[in-house]
Structure formats: C-alpha cells, structure tokens
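Protein chains in written order, with the numbering used here: chain X, 18 to 129; chain C, 1001 to 1113.
What follows is a set of notes on a single structure, which appears directly below.
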Amino acid sequence: QKEVEQDPGPLSVPEGAIVSLNCTYSNSAFQYFMWYRQYSRKGPELLMYTYSSGNKEDGRFTAQVDKSSKYISLFIRDSQPSDSATYLCAMSAASGNNRLAFGKGNQVVVIP
Amino acid sequence: GAGVSQSPSNKVTEKGKDVELRCDPISGHTALYWYRQRLGQGLEFLIYFQGNSAPDKSGLPSDRFSAERTGESVSTLTIQRTQQEDSAVYLCASSRQSNQPQHFGDGTRLSIL
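Pasting the structure below:
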C-alpha cells in the first residue's frame, strides 16, 4: 500500500462549480498536510498548509483534515479557468527529515 | 532571488554520461530537499540537507546519485552514468526550518537518450 493515495483521474468542471479533491494516507505519523498546485512545466506552488485535524479556509479554497479517517480534502469554490492545473496532496511527519510524501496528483480542467 | 532557482531548466544527454543539476534555495532557508517527478508518478523524495548536519540520503535510488550542499546555499545533484530510467523532472525545495512549508523551484527536465 502506498503511503498516500490520490485518484489521478482527470476532473473537468464548468466555470463556477465547486471542485472537490481528496487523498487518503496510511502513515499515522503524518501531522502536516499540504495542497500544492502545479501548472504545466512549472514547480509545485503551495496552496494550503495545515497542522493536524481541522479545517482551514483561504479565499475560495478550503482544506479539511480528518486524522481519524486518514483522509484530507481540498474544495475550490466558484472555480475559474485559471484554476485549471494539477493539484497535489502532500504530507509529512512532525519529526525526522520532514520529507514530503505526495499523491500522484489530480488534473483539473475548468471549462469556461 | 525571490524564489528557488534551478538550472538548467532542460537537459538532454546520452545514456552513460554524467549530469549535474543545480539548486539555489531561497535566502535564509536552512533546509533543502531534492525530489524526482517521473511521468505519471508522484514526487519521490531523494535527499535532505539541514544546515551543517549530515544529509539524509535515504531516498537516493542508487549509488550513481549524489548531492552536495555548501553551508546553507547552493546544492548540486549529480547523476553518474545516466540510464534511461533517470529521465524525469528533478525538483528542489527549500524551507526556513525543516518543519516549515517547502517551496519549490521549477525543476530541471532531464531526458536521457
């Protein structure tokens, strides 16, 4: 079983819709949870950074972490064509080298 | 610079050649990471540097891979005797401390012919 599972299937939504993305994980040591956005031929750009369980909101983006279920989510409200990108979930433990374990990423296309 | 800078942005080389990739982290960031992103795969951790401590090399896939960092500045990742399976995007990230958010460069796209 991979440490982080993210269904890599592409997702197409009409402009203005809510985008819902999620990841599951197996390592109970993970304490920091992140979502990155990656445009084609660019590096990952940090979108959301949360510690432990709970919700975090930043503009149109909401990140949720449920450690009891080992499940994290990202919601994008009022999606825009500029949100079209690949979204990567990532997580790390609180100690050690803090290396990030990544999901495979979801390609999201927002259709005008 | 304002962000993590990597060079070259693209590298094409023949199988068996050595390549050197460079990363210039954000000024003041003590932690530096290298990751590899192969087509259709998630990013894989390669190596971690924190200040003047010994690097964590646990993610390096073979002894053909090595990396160095001078203090808290530039890092180089070297791949010797390249193989076709080394073709990937090599990404560098830095963070202020090891438990802080990591910020990525745009990577080096390596193609082995």
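A virtual CB, placed ideally from N, CA and C, is assigned to each residue, including glycine.
- Closest in C-alpha terms to C/Gln-1102, from the list X/Ser-101, X/Pro-31, X/Ser-29, X/Tyr-49, comes X/Tyr-49.
- Taking a beta-carbon distance threshold of 8 angstroms, X/Gly-60 counts as an interface residue toward chain C.
- The Cβ of X/Met-108 sits no closer than 8 angstroms to any Cβ of chain C.
- When the five nearest sequence neighbours on each side are left out, the beta carbons in the same chain lying within less than 8 angstroms of the beta carbon of C/Leu-1043 are those of Tyr-1035, Arg-1036, Gln-1037, Leu-1091, in order along the chain.
- Closer than 8 angstroms to the CB of C/Tyr-1048 there is at least one CB belonging to chain X.
- Beta-bridge analysis with DSSP links C/His-1103 to C/Ser-1094.
- The beta carbon of C/Glu-1020 lies closer than 6 angstroms to those of Thr-1076, Thr-1078 in the same chain, with the five residues before and after it left out.
- C/Leu-1021 has a beta carbon lying at 8 angstroms or more from every beta carbon in chain X.
- Contact of C/Asp-1024 with chain X is not assigned, every C-beta pair being separated by 8 angstroms or more.
- At a cut-off of 8 angstroms between beta carbons, X/Tyr-66 contacts chain C.
- For C/Tyr-1090, the nearest beta carbon of chain X is not closer than 8 angstroms to its own beta carbon.
- Shown in chain order are the members of the stretch 1077-1101 of chain C whose Cβ falls below 7 angstroms from a Cβ of chain X: Leu-1091, Ser-1098, Asn-1099, Pro-1101.
- Against chain X, the beta carbon of C/His-1103 has neighbours under 7 angstroms at Leu-63, listed in chain order.
- Membership of C/Val-1074 in any beta strand (DSSP E) is not indicated, and neither H nor E is assigned to it by DSSP.
- Using a CB distance below 8 angstroms, the part of the stretch 22-54 of chain X facing chain C consists of Gln-23, Pro-25, Tyr-49, Met-51, Tyr-53, ordered along the chain.
- Bridge pairing for X/Pro-31: X/Ile-128 [DSSP].
- Of the candidates X/Phe-92, X/Val-127, X/Ser-43, X/Ser-43 places its Cα closest to the Cα of X/Ala-110.
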